[in-house]
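Shown next, in structure tokens, is the structure this report addresses.
In the numbering used here, the protein residues as written are 6 to 561.
Next comes the structure, spelled out in structure tokens:
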């Protein structure tokens, strides 16, 4: 039996900080695991008994969350962006987490990260959201900008960039840093709760406080990924129906879902490199090819101009847009857009942060945050610029045909309506159908793996746990399909956001202090420490001695 001796947070001069493996043997934490499974089984049973009441309850919860917590979400998300900016430019940016060398190349890392989070939803909302804001100007600008005008097109891009840009990715970055320090530099399990050891103390993190955090995190992210899965299944079914005459009914939607569940379960069983990373590279490569093709065959100059102008407006009005609460008119617009997105991204935060921590070992804080925040935000800005810009240009030239279809058939109709107005649509449409499938699969497999990691606390959980989580996610998504409607999936995504918001606030407080501990270890000129005698019988808690990074622990 090999012992890791007590290690002081200051370390000896020249002494290399130990980088820890959060565990190689899976140990199922039966409390959180079975509570989560029981919750989703109860949800499925309740829907089978009274599906109408379940749908009504979810939509009522959506309204309540937005009304009570909306302004808090806006302020918190904005403050977190400021924190991320500070970490990038501060001395903490050079702190390296989890080892001396990254486990995967930059292109693969970005692809896996991009496909693991909100990119799947961007395929659904990419063409439809800008068109919606173009024809119905958001209330912040509705008094000064006319609908379907040039100004409305710029505002449409600004809000798309706000909802899908740095604000969302900054949430994942904060949680990822907190978890990485706890798991790789303190030896705690690879779970969301571990990131709060400074706030709660290690004893509470390992106890029921930690279990509650992990349960809430898993419930929230499964609700979020079910939303993405459901929206893409609805979009795929619609496109197959309109373009190829396949019936748009529950049988077809369940068949699409079953196929995707089978593929993403295979991917997650194969693991990160052989399954998830490989599919992510294919997915990003195909999306890049289709984006370039759309830029070439579409209104190229309009796309470039509206993307640049919209991005400039986004930067200029970022603070005003982020903190707008519609306090005078109370139109309800925010609950279906900005506040809905903040709640959605918050729900994904802890577990996507955990997945980002899992794939980012060996990178500096600056690399992680710039990679997660900047690279992904720029990629999504280009995606929305190409799809949204093409959609608005086609809508203007067709006299509003695209927005009329959007109003009649819903958000899922936007992509196909745009593609059918372009040259080479017979090639573009099948290509986008494949991309839709791949985004659905790569998002679901990463979240399934993350849920399995939370259940075991190790980087490589057993396949049985991965399969159970895959079946739970697929089964619950099937129930929401039966409940029906885009609004139902939106409600399911955000009802668990309020407790996650408080967790983000705690992580924001903890992360600079955590990084300061690791930085002291990595500084080349730190002083000789005053060691406590490991055998002196001192039982002071880790909470009281936060610079003691590793307790004496046995590891086989």
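We put the beta carbon where it would ideally sit given N, CA and C, even for glycine. This structure is a prediction, so every number in the text was calculated from the model and none was measured.
Check for me: the alpha helix (DSSP H) holding residue i runs from which residue to which?
i           : result
residue 39  : 35–54
residue 243 : 213–249
residue 431 : 430–461
residue 282 : Counting along the chain, residue 282 falls outside any alpha helix (DSSP H), and DSSP gives it neither H nor E.
residue 346 : 343–364
residue 488 : 468–488
residue 511 : 502–527
residue 378 : It is not in any alpha helix (DSSP H) - residue 378 carries neither H nor E in the DSSP assignment.
residue 305 : 305–321
residue 410 : 406–414
residue 161 : 155–169
residue 259 : 255–275
residue 96  : Taken as a continuous stretch (DSSP letters only), residue 96 belongs to no alpha helix (DSSP H), as it is neither H nor E.
Nearest by alpha-carbon distance to residue i: which of the options is it?
i           : options           : result
residue 182 : 526, 510, 517     : 517
residue 525 : 186, 73, 496      : 186
residue 177 : 351, 488, 417     : 351
residue 446 : 473, 479, 69, 422 : 479
residue 324 : 83, 42, 46, 234   : 83
residue 292 : 305, 279, 127     : 127
residue 234 : 215, 470, 262     : 262
residue 384 : 131, 87, 248      : 131
residue 387 : 297, 347, 470     : 297
residue 329 : 76, 148, 488      : 76
residue 365 : 45, 96, 102       : 102
residue 119 : 96, 286, 215      : 286
Which same chain residues, not among the five before or five after residue i, have their C-beta less than 6 Å away from its C-beta?
i           : result
residue 157 : 139, 142, 150
residue 442 : none
residue 19  : Legend: pLDDT at residue 19 = 41, less than 50; position of this residue unreliable, no value from coordinates given.
residue 4   : The shown model of the chain, from 6 to 561, leaves out residue 4, and the question about it has no answer.
residue 326 : 167
residue 55  : none
residue 107 : 367, 368
residue 71  : 340, 344
residue 420 : 132
Looking only at its chain, what residues have a beta carbon closer than 8 Å to the beta carbon of residue i, apart from the 5 residues adjacent to it on each side?
i           : result
residue 111 : 376
For residue i, which residues of its own chain have a beta-carbon under 7 Å away from its beta-carbon, when the five flanking residues on both sides are left out?
i           : result
residue 38  : 460
residue 508 : 218, 355
residue 418 : 243, 410, 411
residue 307 : 394, 398
residue 549 : For residue 549, the predicted model reports a pLDDT of 39, less than 50, meaning its position is unreliable; a value from the coordinates is still stated below. Hits under 7 Å: none found.
residue 378 : 89, 171, 174, 175, 178
residue 471 : 273, 274, 453, 454, 457
Report the rounded CA-to-CA distance for residue i versus residue j, giving the unit in angstroms.
i           : j           : result
residue 440 : residue 430 : 15 Å
residue 451 : residue 273 : 7 Å
residue 213 : residue 360 : 23 Å
residue 254 : residue 224 : 28 Å
residue 58  : residue 49  : 13 Å
residue 9   : residue 192 : The predicted position of residue 9 is uncertain, since its pLDDT is 34 and thus under 50; a value taken from the coordinates is nonetheless stated next. Using only the alpha carbons, I get a separation of about 10 Å.
residue 117 : residue 167 : 22 Å
residue 36  : residue 404 : 58 Å
residue 538 : residue 194 : Residue confidence for residue 538 is low, a pLDDT of 39 falling below 50, so the modelled location carries little weight and cannot support an answer.
residue 317 : residue 98  : 26 Å
residue 202 : residue 520 : 13 Å
residue 266 : residue 321 : 42 Å
residue 154 : residue 170 : 24 Å
residue 555 : residue 207 : Only weak support exists for where residue 555 lies, its pLDDT of 41 falling under 50; the coordinates are left without a value.
residue 339 : residue 61  : 20 Å
residue 66  : residue 104 : 43 Å
residue 551 : residue 189 : Low local confidence applies: a pLDDT of 38 at residue 551 is under 50, so the model's placement there is unreliable, with the coordinate-based value given in what follows. Those two C-alpha atoms are separated by around 15 Å.
residue 315 : residue 344 : 21 Å
residue 436 : residue 227 : 28 Å
residue 444 : residue 333 : 39 Å
residue 237 : residue 528 : 48 Å
Tell whether a beta-carbon distance below 7 Å holds between residue i and residue j.
i           : j           : result
residue 336 : residue 144 : yes
residue 100 : residue 380 : no
residue 311 : residue 162 : yes
residue 475 : residue 453 : yes
residue 496 : residue 64  : yes
residue 180 : residue 358 : yes
residue 299 : residue 391 : yes
residue 251 : residue 427 : no
residue 400 : residue 407 : yes
residue 222 : residue 210 : no
residue 270 : residue 481 : no
residue 473 : residue 348 : no
Is any heavy atom of the ligand ADP found at a distance shorter than 6 Å from the C-beta of residue i?
i          : result
residue 51 : In the structure shown, the ligand ADP is absent, as is every other ligand, since no ligand is present at all.
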